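Residue numbers (this note's numbering): 304 to 543. Cβ coordinates follow ideal geometry from the N, Cα and C atoms, glycine included. The structure presented is a predicted model; accordingly, all values stated were derived computationally and were not measured. Contents: one structure, followed by commentary.
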Ligand SMILES: C[S@@+](CC[C@H](N)C(=O)[O-])C[C@H]1O[C@@H](n2cnc3c(N)ncnc32)[C@H](O)[C@@H]1O
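This is the structure:
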């Protein structure tokens, strides 16, 4: 490894954009296969945790191909969801799916870096992010930006891979991550390296309590989390 190469699992803008721009058209198939369809249940729980009202405006960060925004619209029908990501190829897929949505929620798609948001102060009631914060080189910048664009009392809902507390389950999960995930991802997309990054980035990401502490340090309050699928994924909520 040269001096300038990022460490295994380290998120850099070039690495993350490179991966997602290349796999955008296979991303949904990979998700469904690798999670055995459980990703839908995780997103459903995320929508519940948002506790949305009909008049709410939601900002979805690192929105990728738009599944969180569509789940929010179909399940909770708030007034609006702004769908953002910094990889144009992922948003192209999101736009195609959103064009087929026929419900009442206004869905708009916008290119945005989650660490430097192009929105005014206190514009949103709820901000969501699924499988995104792990890919940010500067989480503190993201937390500060989310606090800025949320109204007082607004809610940040974070769905992310985490660390199963029960050691045998964690061991099995790590074997799956290390071997099955790069194999499935490599077969589907021809980009095995991107899925080795996924494994490494999950392993180096803070655990549930550490992420809660980071949110608290950023100024959020009433922070809580729930483990899903035995802690493979954690759902944090925090109030502005
Ligand atoms: C694993 S995908 C998650 C997509 C979607 N939220 C989901 O649940 O399927 C991560 C997404 O985060 C986006 N992303 C990573 N870093 C970002 C940043 N700094 N700003 C905006 N989007 C970012 C990537 O482009 C990618 O689409």
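- [ ] Rounded to whole angstroms, what's the CA-CA distance from residue 325 to residue 367? Just pull it up for me.
- [x] 13 Å
Open item on the list: Can you tell me whether residue 367 sits near ligand 1, meaning its C-beta is under 7 Å from at least one heavy atom of the ligand?
Closed with: yes
Open item on the list: Are the CB atoms of residue 456 and residue 542 within a distance shorter than 8 Å?
Closed with: Yes.
Task: Terminal residues of the beta strand (DSSP E) in which residue 427 lies - done: Note, residue 427: beta strand (DSSP E), 427-433.
- [ ] Taking residue 530 and residue 511 to be in contact with their CB atoms under 8 Å, please state how far apart those CB atoms are, rounded to whole angstroms.
- [x] 7 Å
Task: Residue range of the alpha helix (DSSP H) that includes residue 338 - done: It is not in any alpha helix (DSSP H) - residue 338 carries neither H nor E in the DSSP assignment.
Task: Cβ shell of residue 316 (< 6 Å), same chain only, five flanking positions each side left out - done: none
Open item on the list: What does DSSP give as the partner residue(s) for residue 532 in the beta ladder?
Closed with: Answer is none; residue 532 lacks a bridge partner.
- [ ] Could you tell me the boundaries of the alpha helix (DSSP H) in which residue 409 lies?
- [x] No alpha helix (DSSP H) holds residue 409; the beta strand (DSSP E) holding it covers 409-414.
Open item on the list: What would DSSP say about residue 356, mapped onto helix, strand or coil?
Closed with: coil
Task: Residue from 333, 410, 338, 344 whose Cα sits closest to the Cα of residue 362 - done: The candidate whose alpha carbon is nearest that of residue 362 is 410.
Open item on the list: On the CB-based measure, 16 or more other CB atoms within 10 Å of its CB, does residue 381 come out buried or exposed?
Closed with: By the Cβ neighbour-count rule, residue 381 is buried, with 16 or more other Cβ atoms within 10 Å of its own.
TODO: If I'm right that residue 401 touches residue 464 with Cβ under 8 Å, what's the distance once you round it to whole angstroms?
DONE: Contact flag wrong, Cβ pair sits at about 25 Å.
Open item on the list: Less than 8 Å between the beta carbons of residue 364 and residue 430, yes or no?
Closed with: yes
- [ ] Determine the extent of the alpha helix (DSSP H) in which residue 387 is found, giving its start and end residues.
- [x] It is not in any alpha helix (DSSP H) - residue 387 instead sits in the beta strand (DSSP E) that spans 383-388.
Task: Distance between residue 453 and residue 305 (C-alpha atoms, nearest Å) - done: Below a pLDDT of 50, predicted positions are generally treated as unreliable, and residue 305, at 45, falls in that range; the measurement from the model is reported next regardless. Spanning the alpha carbons of residue 305 and residue 453 requires a straight line of approximately 41 Å.
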